[in-house]
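Beneath this line is the structure, given in structure tokens, with notes to follow.
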Amino acid sequence: MCMMCNMLIMSNHAVRNPPAPGSAGRLVLLCGGVSEEHEVSLASARSVLNSLPLGSAVLPLVIARDGSVLEERSSRELLGLARQQAASTGPTAPASASPASSLDGKLALTIADALSTLDLSPDDVVFPLLHGPYGEDGSVQGVLRVMRLAYVGSGVLASAVGMDKLTMKSVFAAYGLPQVSYRGITEGDYRRDPSEALASVRELGWPLFVKPANLGSSLGIERVADEAALLGAVERALTLDRRVIVESALVGVRELEVAVLGNDEPALSPVGEVRYGSTFYDYHSKYSEGGAELLIPAPVSPEVEGRARALARRAFEAIDAAGLARVDLFYDEAKGELLVNEINTMPGFTATSMYPRLWEAAGVSYPDLVERLLALARQRR
Ligand SMILES: Nc1ncnc2c1ncn2[C@@H]1O[C@H](COP(=O)(O)OP(=O)(O)O)[C@@H](O)[C@H]1O
Ligand SMILES: [Mg+2]
């Protein structure tokens, strides 16, 4: 056992159930990260830490915005863990030797370095509670995979496919899932001949949604209603990604969400709905207090609920997801039509996020949900 193992923190939150037999491994909570969803990830990590039963061995590893791994004391402070919770007075910092000043090649190195000091066993589980690029997109999952560690959630393939809206939609199309009409634009095509690159987009009509292929939390997404706005939005999206997706904008649709939990035979939650006051479910409505209302269960007929859940399961299978995912759908009530919008392989995981709340509605408490995810990770390994 290496010295670094002493840095495990024994959580001493309110006593709930003792750790279940067979789940005695340690939990490494990877959180923060370099994406714009850094803070969301930290909020999710705090919720997980607060849910753990007494005696849980948990090590939070906060990845700073620059990709370096924070020293343990800073990690604990950021996550609101009391100092006295540290299990040992020994050397406790999994800090990177020198904080990375840029991302290039350093993120994987620092995470791998930090993990390799922990001497992790097959019972230990890493929870990559990271959202967006360099966290939810298969890159960190690749590091965990080559290190042969058990980890929560989807593997490299599903994470990457779920993150890339263009590839995700191609895969969904191959699975016959109903979706909005869309076109892809690559930076190369656009730079060569903008007019030609946009020719196929014009077939979609107006209004349109323009999105960078790989982001999240509605970042970089614009709704446009004419040619001039389209050009500006595509230009801006191309500064965020080499590939851009343009979709027909649905008008007057409702937004439903389904939580999926499991590996090969996943369970489906009740259906939830999000409502907001803004033009679309943008960053502000997602993360500001009172920005959106979550309705659980969604006020829809049992028939619509059944279809939504069936589509969610199919979307999960289409990308070969594992552990958890949240599938988001558009519901056109007038037409009775359901369309799959996207799958999120690491959905928001704070105690008040849609994913855990959907499971709570199904009778699975937040602590039980965490325990199940760890068991699923071990099972998959
Ligand atoms: N084609 C569309 N028609 C209508 N609204 C859309 C469309 N695409 C996206 N939106 C709105 O934008 C939000 C964010 O888009 P989404 O593709 O889910 O991106 P993200 O992965 O960032 O959440 C959606 O929840 C919805 O409110
Ligand atoms: Mg979304």
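Everything in the sequence shown is counted per my numbering, starting at 116 for the first residue and increasing by one. From the three backbone atoms N, C-alpha and C, an ideal C-beta is built for every residue, glycine too. The structure displayed is predicted, hence computed values, not measured ones.
- V389 and D234 have their C-alpha atoms roughly 42 Å apart.
- Taken from the Cβ of D443, at least one heavy atom of ligand 2 lies inside 7 Å.
- A contact between stretches requires three or more CB pairs, one per stretch, nearer than 8 Å, and the segment 393-411 fails this requirement with the segment 237-257.
- If you draw a straight line from the Cα of L489 to the Cα of D238, it is about 10 Å long.
- Exposure of E452 is indicated by the presence of fewer than 16 other C-beta atoms within 10 angstroms of its C-beta.
- At least one heavy atom of ligand 2 lies closer than 7 Å to the C-beta of N456.
- Here DSSP, grouped into helix, strand and coil, assigns R441 to strand.
- If you compare the alpha carbons of R428, A352, L334 and F395 with that of A374, the shortest gap goes to R428.
- For ligand 1, a non-hydrogen atom lies closer than 7 Å to the CB of E362.
- Counting of Cβ neighbours within 10 angstroms places T225 among the buried residues, the total reaching 16 or more.
- Annotation for E151: no beta strand (DSSP E) segment contains it, and DSSP assigns it neither H nor E.
- By the C-beta density criterion, R472 is buried, having at least 16 other C-beta atoms within 10 angstroms.
- The Cβ atoms of V359 and I300 lie closer than 8 Å to each other.
- Distances from the alpha-carbon of D443 to those of S310, Q256 and P462 put P462 closest.
- In the three-state DSSP reduction, F464 falls in the coil class, being neither helix nor strand.
- In the structure shown, S384 adopts extended strand secondary structure according to DSSP, grouped into three states.
- Unbroken alpha helix (DSSP H) stretches of 4 residues or longer found wholly inside the segment 378-438: 398-402 and 417-433, given in chain order.
- Distance between N378 and A437, taken at the CA atoms: about 5 Å.
- Set against 7 Å, the gap from the CB of E318 to the closest heavy atom of ligand 1 is not smaller.
- Apart from sequence neighbours up to five positions away, the residues of its chain that approach S166 with a beta-carbon distance below 6 Å are Y481, P482 and V485, ordered along the chain.
- Sequence-distant partners of R496 (beyond 5 residues in either direction) whose C-beta falls short of 6 Å from its own C-beta, in its chain, are A265.
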